[in-house]
Structures are given as structure tokens and as C-alpha cells.
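Working notes for the structure below.
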Amino acid sequence: MVELSWFVYAIFAAISYGIFLSLYKMPSSKNQSKFLISFIQHIVGLIISLVFFFNHIYPVSKEGLLLSLTIAVLFVSLSLSQMYTLKYINTSSLFPITTTGSLVLAVLGGLFLFGERISLVNFLGIFLVIAIIFGFIYQGKKIKYSAQILFIISALISISAVIKIFQKFIADSISIPTFLIYEHLFASLLLIPLVFLFHKKDLKQALTKRSFITGSFVGLFGFLGFYTLLTALSKGPLTLISPIQSTYILVTAIVSAILYKEKLTKRTILLILLAVLSIFLIKFNF
């Protein structure tokens, strides 16, 4: 049996994760419940994790469970906020902003919390990110989005950065398969009261066939994206895999242009390509 290289897994990770995030616009685009879709997403992720990693349910440490719960809370908050924000901003703008912005915060967090070093090239990447974010939020001399949307985007960047920092502790506290099982389990349990809270009177109407299909695909591609990324990282160098995986923001933009007829202008494409370049500069150790 031919063993796939880390490069192939990294490409699959970028494609899967790009499709996964593009589907986050479905709730606002097709008038579907973001709470139900998020719940179904994690149920599907839990089922797939149990099918492939059932032997990893036990043993698990208290630290591992706490870490899984913490990231589950952060991820649920992040995904619901992203689905809400995509009602007011294109996917081709939101994810390049939040991906690059959160990476900068995570790098700065590593600098102050863990004493990590930053090279001159990394600094150039950080300054490029700042320019890219301004390029996305400004139209001429005016800001394109309301203060509320800018606040939510800032919150998304912060939450994403915290998740990236917490991910540093996963390998030391819990195995990846075990983490996947319990993260999806805790996220599902957290979403149950939210589903009933926001759909007291219309749960049957909200739980449509389309919502179930959307949630299932979100869960499937989310699992594939994360699993193939971890497999790539187990086989190849982080400094090369991260820039390849970051091209998911381009995949997200292309898929969203097909699904939702979002316009991809030359300016947007250029900013997305610069975002990929900035991630390469920040992540690569020269």
C-alpha cells in the first residue's frame, strides 16, 4: 500500500478546511439555524471520532478533560460568532482578517508567555498583516463595516489566538484522538441548552432536512481538515506545512464565490494572496 506524503495531506487539509469554513455562511445565506448546524456539526464529529478512535476514550487525565472543555467552549463561541458575522461580511474578507490577525496575537502571546523569539522576517510578516487588515476594512478613506461588526471581528481574532495558544498544551496533556472525542462531546453538550433556548417554539420547523445536511457536511469537512492537518504534521515539517495549509483562505473564497455568488475582485484576490504570504513569513523560521 502506497503511503501518502505530508505534502498530499497538507493539500487535503487546506481543501477540506476551506470547504468547512465556507459552509459557515449557510445559516445566514439560506436562513438556517446556526445553533442547530453547530450542534449537528459536533455530533457528526463525535460520531466519526468514536468510529475511528474508540480505543482512545480512556485513559484521559483531568488536565486533558479540562483542556478539551476549555477549547470546546472557545470553539463554540468562535463558530457561532463567525456564522453571525458572515451575515454582514463576505467569507473572502472575514477569514483572511481573522486568520492573520489571530496568528499575530498568538505569536506575540508566545513571545511574552513562553519567551519565543521573533526574527526580522517574522516582523515583516506582522506588519504585512496590519496592512492587509486595513486593506480589507477600508474602502477608500472610509471604513466599510459598523462599529459592532468591527468589535465582533476583534473578538473573533482574540478567541482564535487564545485557541492557538491553548493548542500548544494539547500534546502534553492529552492524545489528539482523545482530544477530538472529548472536544466534540463537550461542544455538543454545551449546544443542547442553546438549541432549546433559541428554538423553544420552532424547533421542529428549524430542524429541516437542509439544516441537517449542512451540519453534517460542516462536521465531515471539519473533521477531515483537522485530521489531515495533524497527519501532515506527524509526517513533515511545520515550517512548510503551515504556509500550505494557510491557502485554505483562498479555497474558502473560491467555494463561497460558487455557493453564494460572492464577488472576487482583483483587490480581494491580491489581499488574500498577501495574507498567505504574511502567514508564510510569520511561521517560517529562516
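Once you know that position 188 of the sequence shown is 176 in the working numbering, the rest is easy, because the numbers rise by one and skip nothing.
All residues carry an ideal CB built from backbone N, CA and C; glycine is no exception.
For clarity, every value in this text was computed on a predicted model and none was experimentally measured.
For residue 12, the secondary structure class from DSSP, reduced to helix, strand or coil, is helix.
Membership of residue 206 in the alpha helix (DSSP H) is indicated by the continuous run 197 to 223. Nearest to residue 269 by C-alpha distance, out of 33, 244, 109, is 109. The three-state secondary structure of residue 131, taken from DSSP, is strand. The beta carbon of residue 240 lies closer than 6 angstroms to those of 6, 9, 10, 79, 83 in the same chain, with the five residues before and after it left out. By the C-beta criterion, the stretch 81 to 99 is judged to be in contact with the stretch 250 to 265, since at least 3 inter-stretch pairs fall below 8 angstroms. In this structure, residue 58 sits away from residue 144, with a CB-CB distance that is not shorter than 8 angstroms. With at least 16 other beta carbons inside 10 angstroms of its own, residue 231 counts as buried.
Spatial neighbours of residue 199 in its own chain (CB-CB distance under 8 angstroms, excluding positions within 5 residues in sequence) are listed in chain order as 20, 21, 24, 25, 28. The C-beta distance from residue 177 to residue 4 rounds to 25 angstroms, too long to fall under 8 angstroms, and the pair is not in contact. Per DSSP, residue 42 lies in no alpha helix (DSSP H) segment and is marked neither H nor E. In this model, residue 118 and residue 272 are separated by some 18 angstroms (Cα to Cα). When the five nearest sequence neighbours on each side are left out, the beta carbons in the same chain lying within less than 6 angstroms of the beta carbon of residue 224 are those of -6, in order along the chain. Counting along the chain, the unbroken alpha helix (DSSP H) around residue 110 starts and ends at 108 to 125. For residue 155, the closest alpha carbon among the candidates 107, 1, 32, 95 is that of 95.
Residue 64 carries a helical assignment under DSSP once its states are collapsed to helix, strand and coil. Remark: C-beta atoms of residue 203 and residue 61 do not approach each other more closely than 8 angstroms.
For residue 98, the enclosing alpha helix (DSSP H) covers residues 79 to 101. Excluding its 5 nearest sequence neighbours in each direction, residue 116 has C-beta neighbours in its own chain below 6 angstroms: 266, listed in chain order. Cα atoms of residue -4 and residue 130: separation of roughly 42 angstroms, rounded to the nearest angstrom.
In the three-state DSSP reduction, residue 30 falls in the helix class (H, G or I).
Annotation: the continuous alpha helix (DSSP H) that includes residue 236 extends over 236 to 248. As summarised for the stretch 142 to 180, the continuous alpha helix (DSSP H) elements at least 4 residues long and confined to that stretch are 158 to 161, given in chain order. Contact between residue 161 and residue 250 is ruled out by a C-beta separation of about 39 angstroms, above the 8 angstroms threshold. C-alpha of residue 242 to C-alpha of residue 104: approximately 35 angstroms in a straight line. When 157, 132, 163 are compared, the shortest CA-CA separation from residue 102 is found for 157. Linking residue 229 to residue 63 through their CA atoms gives a straight-line distance of about 23 angstroms. Two segments are said to touch when three or more pairs of C-beta atoms, one from each, lie closer than 8 angstroms; by this definition the stretch 166 to 174 touches the stretch 38 to 49.
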